[in-house]
Structures are given as C-alpha cells and as structure tokens.
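Student: A single structure is presented below for examination.
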Amino acid sequence: MILPKDIADDFKTDRKEITPPLPAILRLVPILFYLTVVSTIILCGLFLYQLKLANDSILTAQSGLAESQAQVAAAASERKTLEAQILRATDVQGWVEGSRPLQPLVVAVTRSIGEEASLADLKLDRDEESPSSLKLAMRIGTSSPSQLEATTDAISRENFRLLQPEQTLAEGQINYRATIVPLSVTTPEPAETP
Amino acid sequence: MKGKDIADVLNFSAFRPEPDDPTATWRRRFPGIRTLMFGIGKQTLSLRPLEKSGRFAKAELHREVKDFKELLNISGAQMREGSDGGWSAVSMHTRYVISLETNLSRRPGSEEMVKTNPRTVLGGRFERGKKYSVTHNPETNSSILLTCDEEQVGRIESAFKETGFKLGRVCCGTYILLKHALGLVNTSKGSDKPASAFIFVLCEGAVCALVQDQDKWIELRSRTDVYEPEDITPALDLVSPFQARIPPEMPIIIVADTMFPGLSEEVGKVFEGHTVQDFSQPDLLWNLILQN
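One line per chain: the protein sequences are A and B, in this order. Per our numbering, numbering of the first sequence is gapless, rising by one per residue and ending at 198. Per our numbering, numbering of the second sequence is gapless, rising by one per residue and ending at 1419.
Okay, structure coming up:
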C-alpha cells in the first residue's frame, strides 16, 4: 500500500482571510510590466538620442543653408558686377561696331585739314529720330573758308551729303554744324503740316 | 484592489503562499528567510534556527523548563534574533495522544475535515477541547489518530505571540516521524505485496511504536517524556514487550529525530533475530517539516 503524501499536520488557529497564491501563469503580468518599463526606458533613450541627432542635423542644415545663402548672395553680387561689366563691354562693343563705318569719314575729315589749320573739335552724334543721319559738329582753327570747303568736299567724297549746314566764324575759328546722311539713304520727306 | 495587492503582484509575493498558509510547504512559504524550529517537551525546549541558505544553525536545548512561556519571556528576544520577523514552527512533544482507531469515517476529504469538523469524522470518539489529525490505512478500516489539547495549542500560540513570534506551524514531531516511517515501509501500490514492520519512532523524549503485519496496523503504543537524549534505555524498555508478540521475520524500522550512536545494536539486542534498519538522520524532524 502507499499512504497519501500530505502536508504535515498543523494545529495552529488558521487566519480566516488567508488567500491562496495566484496561479503561476499570472507571473507573466509583472514580467510583462517590467519588460514594458524596460522597453519604454530603452525606447525613450533611443528617441532622445534620435531627437538629439535630428536637432544636430537641423543645426548643421541651418548653418549649411546660411552658408549657401551667403554663397548665393555673393554669387548674385558677383553676377551683378559681371552683368554690369558685360553691359558696359557690350556698350563699348556697340560703340566700336557702330563707329566703324564712320572711321573713313573721320580719317577723311582729319586728312582734309591743311597745314595752317587745326581740327580743334570733331563731334558726330547719331540722330535718335533718324539713326541713318549724323549730326556733325566741328571746330576748325582757321579763318580760311577754303579749309572748310576742303573738309566738306572730303566728306562728300566719302559718299555723304551735307544737309542744313550752319557755320559761324569767331576768333579765328570756324564752328560748323550740319546733318550728314549717306548717299545711299534717302532723306525722309518732312511731314506735311496741315 | 489596494496598493499593497498591486505591490505584491509586482514583487511576486502574491505568487507565493502567505507565511501562515498551512496548505503550503515551509520552503515555499519562507524562501530565503531565516526561521526558527521549536520543540516543546514536558520540561525541555529545543531550538533549531534555519539559516537563509536552508542550513540549520547550532541547536539549543533548554532543560528543566518548568514553563516554556517563562523561558520565552526571558530569552525570547534573543531567540528571535535568529529569525526574520520571528516566524517559527513548533513541534509538540508532550500533551498529545497517538492512538489506533477503527471504523472512522472514510468520506472523501475526511483527513482534512477532521481538522475543521472532527465530529463528522470521529463520531462518538469526538471530545470537546481536542484537536485531531488522522491517517487512514487504505487497505484496512484502521486509522492512526493524533489527539492534542486545544488548550495546549492555545497556550503555545499565546505565549509565542506575546513574545513577538509568529507561528507558521504547530505540529507533533512524533506523528510526522511516524508518517515518514510508514512512507518508508509501504512503497508498493495495491495489496499485492503487503508490508510488515515494527516501526519504532523516537522524537525528543517521545516514543511511538506501531506493528504493521501484512499491511494491517495491529498495535500502536505512544508515550511522551520517556527518555533523555543521553539514555534511551526507558524507550527500549517501553517497546521490549513487543518482542514476544511480533513475528520473528518482521523487520524493525527505527526512525529517530537525530542519530543515536549504537541504537541499532541496542534495538537488535531487544529484538533478537529481527532485521533492524535505522532510518534516523540528523535533524530529520526539522527537514521533514521543511519539506511538508
């Protein structure tokens, strides 16, 4: 025979509100609780670390942005300078290109000046309203009308026609003004006045 | 639900039995906690502290103790230092009776019911002012009945409570050793291999002898305050009359709460021609209380 194995006899007066232990499976509750706490701490740590990294990245990006903006501003300023220089150079080029057809005229005028005369001033202005015509203004240091005639002949030989000439003589200098147009260009008819 | 309940779940104490839960073993109730084991005799009080590691510390034996309550009042505080919270187990070695009874109620759970409602189990054998514990023989109609005075248990409880101790168990050492011996003798299931033995139990001065013949409990004799640790002759004298009554081939099983040098030889002299097996171990009683 086998006698049932039981707990040793106990004669003490039992307390009424003795509660039995909870089932072992419920140990999962505190275990999960502690796992959750540990996971929360780890995740918070990771999030804080990531937040710090993100803040550092933002700061780096902001400083990079400021640097880039400064570079853009510098580049824009440089470009503006360059554009201004280009504009100026274009103007110069335009002027050079624009004055090239006039060079034979200027050479002819210069060569027409005799030994006893001098060309004190020569000015050629393009008429804004009629770009094909030029306003000629020159000051010749002589009182001889033949010199002026030689100069106007030289201009004519360069296939320019002198229109509306004005000349004044003062203090041994001849101030001459006229509008010159190339012979190939037809002089526009003045508009009829009602 | 109170905050303490939540704290108990979180520190896992809710999954352990309460310290005074008698349905749980001592080890489960007090894991890693220092406790005290008391043995109360007629004029003796023994103390065996249990360390956190589960080992026993040095034993103390107080003799000529007229009233254990007085001793507890004097030395209780010092004794309590060997425990965590004063949790103690008490083994009574006096003022109890172990008897052999027949035809007790065998209703399911009767061994538990005898503690709460003994009248239903004991019937006419029930006496007021007594506490009982019963072990049924599964093969016959006989039972071993432990009876002790409720007043004695009450005295022990109040004396320990007043001196700051907390009682985890009040039991009878001899009864525990007897049940342990029965477990050693009866190891085969069913009635195919019936066991016979003369069981001789010694526990701090108390003696119990049981004759089991072919699974039947024939005779039981129990006395308290019989012998001193230095001289077990009175115990041998008590059981010597059995020599003439037991069959010559019946083995003698000795179970004592501690090792007595030369006990087997002395018993062998009394029971000449019988096989003597000594299952005594140092601190056997306290170890059994720990395991049960």
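Don't be surprised by glycine CBs; every beta carbon is placed ideally from N, CA and C. As the structure is a computational prediction, the values presented were derived from the model and not from experiment.
Any idea which residues DSSP pairs D129(A) with across the strands?
Tutor: According to DSSP, D129(A) bridges with K139(A).
Student: What residues of chain A sit near L1415(B), judged by a beta carbon separation below 9 Å?
Tutor: Under the 9 Å cutoff, chain A gives A12.
Student: Could you tell me which of T146(A), D129(A) and N163(A) sits nearest to K139(A), measuring between CA atoms?
Tutor: Residue D129(A) is the option with its Cα nearest to K139(A).
Student: With three or more beta-carbon pairs closer than 8 Å as the criterion, would you say the stretch 169-180 of chain A touches the stretch 1146-1158 of chain B?
Tutor: Because the criterion of three Cβ pairs below 8 Å is not met, the stretch 169-180 of chain A and the stretch 1146-1158 of chain B do not touch.
Student: Hey, quick one: how far does the beta strand (DSSP E) through G1295(B) stretch, first residue to last?
Tutor: Where G1295(B) is concerned, the enclosing beta strand (DSSP E) stretches over K1293 to C1299.
Student: Between F1157(B), V1136(B) and D1135(B), which lies nearest to N1087(B) when the distance is taken from Cα to Cα?
Tutor: Residue 1087(B) lies beyond the range of chain B shown here (1128 to 1419); nothing can be said about it.
Student: For the alpha helix (DSSP H) holding D1147(B), just list the boundary residues, first then last.
Tutor: Run containing D1147(B): none; DSSP gives neither H nor E here.
Student: Can you give the Cα-Cα distance for E1178(B) and S1210(B), rounded to whole angstroms?
Tutor: If you take the alpha carbons of E1178(B) and S1210(B), they lie about 8 Å apart.
Student: Alpha carbon to alpha carbon, how far is L1198(B) from T17(A)?
Tutor: Roughly 23 Å between the two C-alpha positions.
Student: Quick check: L1390(B) and S1367(B), are their CB atoms within less than 8 Å of each other?
Tutor: No, these two residues do not count as a Cβ contact at 8 Å.
Student: In chain A, which residues lie less than 9 Å from T1162(B) when you measure between Cβ atoms?
Tutor: What T1162(B) touches in chain A: nothing, since even the nearest Cβ is about 14 Å away.
Student: From A1151(B), W1153(B), E1208(B) and T1221(B), pick the residue whose C-alpha is nearest to that of E1331(B); which is it?
Tutor: Of the listed residues, the one whose Cα sits closest to E1331(B) is T1221(B).
Student: Using only the alpha-carbon positions, how far apart do P198(A) and A112(A) sit?
Tutor: Its pLDDT being 46, under 50, P198(A) is placed unreliably in this model, and the value from its coordinates should be taken loosely. So the two alpha carbons sit approximately 42 Å from each other.
Student: Given a cut-off of 8 Å, decide if R1190(B) and Q1205(B) are closer than it, judged by their beta-carbon atoms.
Tutor: No, the pair does not count as a contact, with Cβ atoms beyond the cut-off.
Student: Counting Cβ pairs, one atom from each stretch, are 3 or more of them under 8 Å apart for the stretch 1352-1364 of chain B and the stretch 1300-1316 of chain B?
Tutor: The stretch 1352-1364 of chain B is not in contact with the stretch 1300-1316 of chain B.
Student: Taking Cβ positions only, does V1224(B) come closer than 8 Å to chain A?
Tutor: No, V1224(B) does not count as interfacial toward chain A.
Student: Should the stretch 1402-1417 of chain B be called in touch with the stretch 1375-1384 of chain B, which here means at least 3 C-beta pairs below 8 Å?
Tutor: The answer is yes - the stretch 1375-1384 of chain B touches the stretch 1402-1417 of chain B, with three or more Cβ pairs under 8 Å.
Student: Report the residue from M1164(B), L1417(B) and S1215(B) whose alpha carbon sits nearest the alpha carbon of G1291(B).
Tutor: With distances taken between Cα atoms, G1291(B) lies closest to S1215(B).
Student: In chain A, which residues lie with their C-beta within 7 Å of the C-beta of S1260(B)?
Tutor: D13, listed in chain order.
Student: Quick check on the DSSP output: the alpha helix (DSSP H) that includes G1130(B) runs from which residue to which?
Tutor: G1130 to L1137 is the span of the alpha helix (DSSP H), which, as asked, contains G1130(B).
Student: Do V33(A) and the ligand SAM come close, with the Cβ less than 7 Å from some heavy atom?
Tutor: With respect to small molecules bound, the structure shown includes none, and the ligand SAM cannot be examined in it.
Student: Run through the DSSP bridge pairs and tell me what I144(A) is partnered with.
Tutor: Per DSSP, L123(A) and I178(A).
Student: Quick one: does I45(A) have its CB under 8 Å from some CB of chain B?
Tutor: So no, I45(A) is outside the interface.
Student: Mind checking which residues open and close the beta strand (DSSP E) that includes Q97(A)?
Tutor: Where Q97(A) is concerned, there is no enclosing beta strand (DSSP E), although the alpha helix (DSSP H) it sits in stretches over L32 to S103.
Student: To the nearest angstrom, report how far apart V1297(B) and I1283(B) are at their CA atoms.
Tutor: Whole-angstrom Cα-Cα distance: 8 Å.
Student: If you measure beta-carbon to beta-carbon, which residues of the stretch 22-33 of chain A are closer than 9 Å to chain B?
Tutor: Listed by position, the residues of the stretch 22-33 of chain A near chain B (Cβ gap below 9 Å) are I22, T23, P24, P25, L26, P27, A28, L30, R31 and V33.
Student: So, are the CB atoms of T1274(B) and K1257(B) less than 8 Å apart?
Tutor: Yes, Cβ-Cβ distance for T1274(B) and K1257(B) is below 8 Å.
Student: Can M1219(B) and I1167(B) be called in contact, C-beta distance under 8 Å?
Tutor: Yes; because the gap between Cβ atoms is below 8 Å, this pair is in contact.
Student: Would you tell me roughly how many angstroms separate the C-alpha atoms of E87(A) and N179(A), rounded to the nearest one?
Tutor: If you take the alpha carbons of E87(A) and N179(A), they lie about 40 Å apart.
Student: Look at the alpha carbon of F1195(B) and the alpha carbon of L1172(B), and state the distance between them as a whole number of angstroms.
Tutor: Taking the straight line from one Cα to the other gives about 7 Å.
Student: Can you tell me the Cα-Cα spacing of I249(A) and V1136(B), whole angstroms?
Tutor: Nothing in the structure corresponds to residue 249(A), since chain A is present only between 5 and 198.
Student: Less than 6 Å between C-beta atoms, sequence neighbours within five positions excluded: which residues of the same chain meet that for R161(A)?
Tutor: Hits under 6 Å: none found.
Student: Flag this pair as yes or no: are the beta carbons of S1269(B) and K1242(B) separated by less than 8 Å?
Tutor: In this structure, K1242(B) does not lie closer than 8 Å to S1269(B) by Cβ.
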